[in-house]
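S.K.: Residue numbers (the numbering used here): 262 to 854. Heads up, the beta-carbon is just placed ideally off N, CA and C, and yes, glycines get one too. Please read these numbers as outputs of a predicted model, since none were measured by experiment.
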Amino acid sequence: MKKKIILYIFILIVSFSLSASSKFDAEYLKKSVLYKLNADGSSMMEYHSIVKLHSYRATNRLFGESFIKYNPDFQKLEILISETTMKDGKKVKSPKNAYNEVLPYRAKKFPNFAGLKEMVVTHVGIERGAIIEFKYRLYTKPGFNTYFSGLEYLSEQFPVNELNIKVIFPKEKKINFYLNKHNKLLKKNTDGDFVEYSLALKSISQFNKEPISEMSRGCFIFTEAKNWAEIFPKRYVKEDIPISLLKPFKKTTSSDMEKLFKVQKMIVSEIDHCKLEQKIIGNRVRKIEKVYNSNYATSLEKAYLLSGILNSAGIKNELMFLITKDVFNKDIPTLLAVKNYYIKITDECKTPVFLDPVHLQNGPIPKSIYGQSLYNLDTGKIETIKKSDYSKNKISISGDIKLKGEKYNGKLLIMISGNYYNYRASSTGKKYIKKSLSKFFNVSKITALKILNLSVNSIKAEIELEGKFLKQLNKGYFVLKGFNYSPVLKNDSYLKKRISPIVLNSAHGIEINLNIKYDNNMTIDFMAKKEQIENEFGVFINSVKEVSKGKINIKYYRGIKKSVIEADKYIYIKDILDKSNREQSLIIFKKQE
262 MKKKIILYIF
272 ILIVSFSLSA
282 SSKFDAEYLK
292 KSVLYKLNAD
302 GSSMMEYHSI
312 VKLHSYRATN
322 RLFGESFIKY
332 NPDFQKLEIL
342 ISETTMKDGK
352 KVKSPKNAYN
362 EVLPYRAKKF
372 PNFAGLKEMV
382 VTHVGIERGA
392 IIEFKYRLYT
402 KPGFNTYFSG
412 LEYLSEQFPV
422 NELNIKVIFP
432 KEKKINFYLN
442 KHNKLLKKNT
452 DGDFVEYSLA
462 LKSISQFNKE
472 PISEMSRGCF
482 IFTEAKNWAE
492 IFPKRYVKED
502 IPISLLKPFK
512 KTTSSDMEKL
522 FKVQKMIVSE
532 IDHCKLEQKI
542 IGNRVRKIEK
552 VYNSNYATSL
562 EKAYLLSGIL
572 NSAGIKNELM
582 FLITKDVFNK
592 DIPTLLAVKN
602 YYIKITDECK
612 TPVFLDPVHL
622 QNGPIPKSIY
632 GQSLYNLDTG
642 KIETIKKSDY
652 SKNKISISGD
662 IKLKGEKYNG
672 KLLIMISGNY
682 YNYRASSTGK
692 KYIKKSLSKF
702 FNVSKITALK
712 ILNLSVNSIK
722 AEIELEGKFL
732 KQLNKGYFVL
742 KGFNYSPVLK
752 NDSYLKKRIS
762 PIVLNSAHGI
772 EINLNIKYDN
782 NMTIDFMAKK
792 EQIENEFGVF
802 INSVKEVSKG
812 KINIKYYRGI
822 KKSVIEADKY
832 IYIKDILDKS
842 NREQSLIIFK
852 KQE
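(1) With distance defined between alpha-carbon atoms, name the residue in Y458, E288, S761 and L674 nearest to I656.
(2) Using 8 Å for Cβ pairs, my map puts Y458 next to K449. What's the rounded Cβ distance?
(3) I need the DSSP call for Q853, collapsed to helix, strand or coil.
(4) From K663 to K806, what distance separates their C-alpha atoms?
(5) Among the residues of its own chain, which have a CB less than 6 Å from the CB of F850, if the five just before and after it don't count?
(6) Between which two residues does the beta strand (DSSP E) harbouring I646 extend?
(7) To the nearest angstrom, how far is it from the Cα of K695 to the Cα of Y603?
(8) Candidates K706, I677 and S697: which alpha carbon is nearest K668's?
(9) The ligand SAM and V382: does the residue's C-beta get closer than 7 Å to at least one heavy atom of that ligand?
(10) Do I593 and I643 count as a contact pair if the criterion is CB distance below 8 Å?
(11) If you run the structure through DSSP and keep just helix, strand and coil, what is Y746?
(12) Do Y557 and D587 have their C-beta atoms within less than 8 Å of each other?
(13) Rounded to whole angstroms, what's the CA-CA distance from F395 to H309? Just pull it up for me.
(14) Near K648, what residues of its chain come up, given a Cβ to Cβ distance below 6 Å and the 5 sequence neighbours on each side ignored?
(15) What residue from K563, I785 and I329 has the CA that sits closest to S530's CA?
(16) Tell me whether Q680 sits in a helix, a strand or coil according to DSSP, three-state version.
(17) When the Cα atoms are used, what is the spatial distance from S515 to D608?
(18) Determine the DSSP secondary structure at I541, reduced to helix, strand or coil.
(19) Please return the same chain residues whose Cβ sits closer than 6 Å to the Cβ of F589, not counting the five positions on each side in sequence.
(20) Comparing C-alpha positions only, which one of P625, I392, L726 and A722 sits nearest to G679?
(21) Tell me the start and end of each unbroken beta strand (DSSP E) in the region 269 to 354 that is at least 3 residues and wholly inside, in chain order.
(22) Identify whether L440 lies in helix, strand or coil by the three-state DSSP scheme.
(23) Compare the beta carbon distance of A216 and S560 with 8 Å and say whether it is the shorter of the two.
(24) Please report the Cβ distance between K823 and A768, rounded to the nearest whole angstrom; I am assuming they are in contact, meaning their Cβ atoms lie under 8 Å.
(25) What residue range is occupied by the uninterrupted beta strand (DSSP E) comprising Y817?
(26) To the nearest angstrom, how far is it from the Cα of L279 to the Cα of R318?
(27) Could you round the C-beta distance between K729 and N703 to whole angstroms and report it? I think they count as a contact, below 8 Å.
(28) Quick check on DSSP: helix, strand or coil for S466?
(29) For S697, which of helix, strand or coil comes out of DSSP?
(30) CB L424 to CB K292, shorter than 8 Å?
(31) Round the Cβ separation of K313 and I392 to the nearest angstrom and send it over; I've been treating them as touching at under 8 Å.
(32) Ignoring anything shorter than 3 residues, give me the beta strand (DSSP E) runs that lie fully in the region 377 to 402, in order along the chain.
(33) Quick check: the Cα distance between Y400 and I342, rounded to an integer number of angstroms?
(34) Please list, in chain order, all residues of the same chain as N441 whose beta carbon is under 7 Å from its beta carbon, the five residues on each side excluded.
(35) Thinking C-alpha only, which one of T451, T345 and G376 is nearest D334?
(36) Apart from the five residues just before and just after T595, which ones in its own chain have a Cβ nearer than 7 Å to its Cβ?
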């Protein structure tokens, strides 16, 4: 027994010593970045970091290698230092075979980008308590970009003890800076023919690497460009578009809205998406012949191609991009701040239409941009898309159902609108309605279907249907369980608490109002009590009551008002998710012999 106690104490001491050295996996003792623009248009970027490792996660997963992507047609890489100081003070340099050039992962399927390179530097001698020093320079020839720019985040996934950023350029050049944090600390110094701007910070806390956390990292951006129009390559024009791409749209007799979704689907589905960032490509797009013949395109090329085809088909449109908070400033134009593009249809439409050239979308506005701001490159204006509303993003089902044993037939009115509604699928009519109803009921047959309303935003239909409604519990007993249909993540309701925001798909509402008639040979053995929860984030109502002999009314409603909920408010949305995701018994019928 004494030996066990000693062993237990020893394990505690070792565990404490392993975890007490630092509450972080690693820390940057020093990080510095230098940008320099030369008079001939060439430039240089120098990166230098000194990182101390505190955990096995840091040594085994986080800092074993460094990766540098570059374009050898315009850039030259020079590794200056790759050295590890081990815990005992021994210094170990990365050997020659620790430097390996490979094709960047995102370029692997795309021959036109097969010349790009990624240097993988393996650090040796790493262990808990070791310090890695890494320094390199990247030289860029004139012509890679038509302007000089850079973007650096101020915080990392781990604390930074000391951060230095410098930008040096000829004094005859005009460079604009954007610093969304610590702007008062930016210093200017003129030395001969060059001007230097520098920023020095100490003791920077780590940022929380969670969804939507990027907005709090802080950033330093600079650019030589004067306006957003000049940083973008020349767009494809009507004459560039191959005739074969336009044929499907000339033959179609569909409405303009169906044309829009047809061309959008073609660009998304039939042309592979090359996810390489413009940072490694430069501010250029390939000629349309190359894009068309290669059958793949970057995000910007896809946007240009979609816009060009629409123009050729006589559909007016404008190019926009999503504003990423904290890295966008309308007076600091740089492609480094741009990720996602959208095409706005400017023809007269009853409903605003924004097309995503990269992802398929169900309705006229992609879910991803509700409540977001976009920059319009054609008008130079910022446009904000209204947040989705749970009273408009809604599925509503009402009507009468007649039970005969565990089976049913009935007449229902179904309305689907907003983010639930898939406009492209609406042309299949009956199949689309049946698929939607199957989320809630076991539908075996739809005997009648009448479309009462059909628009880009919603569908309304009157239907007659039948199927199996009840589930047999055991001999003589049948149960109707709750309607478990959720576009939110079920896992989000399993946690007891959160340390980060919860990001749901969108605001939404589900409403079911049914009158159920049952035969005399059935009696009610159990009926769920009314449940109701309502707070600032949503509402859940579940009501079952006997209206008269042989007739029951069921009302089910769930509305989620917000899509981003802070961690400290999680408990309020958890209550609603818990109730609505639970397949509880609403009614249990007993069959009379």
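M.R.: Reading it off the structure:
(1) Per the C-alpha coordinates, the member of Y458, E288, S761 and L674 positioned closest to I656 is L674.
(2) The distance from the Cβ of Y458 to that of K449 is about 6 Å, consistent with a contact at the 8 Å cut-off.
(3) Here Q853 sits in coil by DSSP.
(4) Each residue's alpha carbon lies about 16 Å from the other.
(5) So the qualifying residues of the chain are F739 and M783.
(6) Run containing I646: none; DSSP gives neither H nor E here.
(7) Their backbone Cα atoms lie some 32 Å apart in a straight line.
(8) Check the Cα spacing between K668 and each of K706, I677 and S697: the tightest is with K706.
(9) As far as ligands go, the structure on display features none, and thus does not contain the ligand SAM.
(10) For I643 and I593, no; Cβs fall outside 8 Å.
(11) Coil at Y746, not helix or strand.
(12) Against a cut-off of 8 Å, the Cβ pair of D587 and Y557 comes out as no contact.
(13) The alpha-carbon atoms of F395 and H309 are separated by roughly 6 Å.
(14) The beta carbon of K648 lies closer than 6 Å to those of Y631 and G632 in the same chain, with the five residues before and after it left out.
(15) Of the candidates K563, I785 and I329, the one whose C-alpha sits nearest the C-alpha of S530 is K563.
(16) In the sequence as presented, Gln is not what sits at residue 680; that position holds Asn. DSSP places N680 in helix when its eight states are reduced to three.
(17) Because S515 sits at a pLDDT of 43, beneath the cut-off of 50, its placement in the model cannot be relied upon, and the point is left open.
(18) DSSP places I541 in helix when its eight states are reduced to three.
(19) Here the set comprises A598.
(20) The residue with the shortest Cα to Cα distance from G679 is P625.
(21) With a minimum length of 3 residues, the continuous beta strand (DSSP E) runs that stay inside the region 269 to 354 are 287 to 298, 304 to 314, 326 to 331, 336 to 346 and 352 to 354.
(22) L440: strand per DSSP, three-state reduction.
(23) With the chain represented from 262 up to 854, any question about residue 216 goes unanswered, as that position is not in the structure.
(24) At roughly 6 Å, the Cβ-Cβ gap stays under 8 Å, so K823 and A768 are in contact.
(25) Judged by DSSP secondary structure, Y817 falls within the beta strand (DSSP E) whose first and last residues are K812 to I821.
(26) The predicted model places L279 with a pLDDT of 45, which falls under 50 and marks its position as unreliable; any figure quoted below should be read in that light. Approximately 12 Å between the Cα atoms of the pair.
(27) Their Cβ separation, rounded to whole angstroms, is 5 Å, which keeps K729 and N703 in contact under 8 Å.
(28) Residue state, collapsed to three classes: coil.
(29) Correct three-state label for S697: helix.
(30) Yes, these two residues count as a Cβ contact at 8 Å.
(31) Confirmed, Cβ separation roughly 5 Å.
(32) Qualifying beta strand (DSSP E) stretches, in chain order: 378 to 383 and 392 to 401.
(33) Rounded to the nearest angstrom, the gap between the Cα atoms of Y400 and I342 is 16 Å.
(34) Here the set comprises G479, C480 and D587.
(35) Here the closest residue by C-alpha is G376.
(36) Closer than 7 Å at Cβ, skipping near neighbours: S410, L412, I482, T484, A486 and I492.
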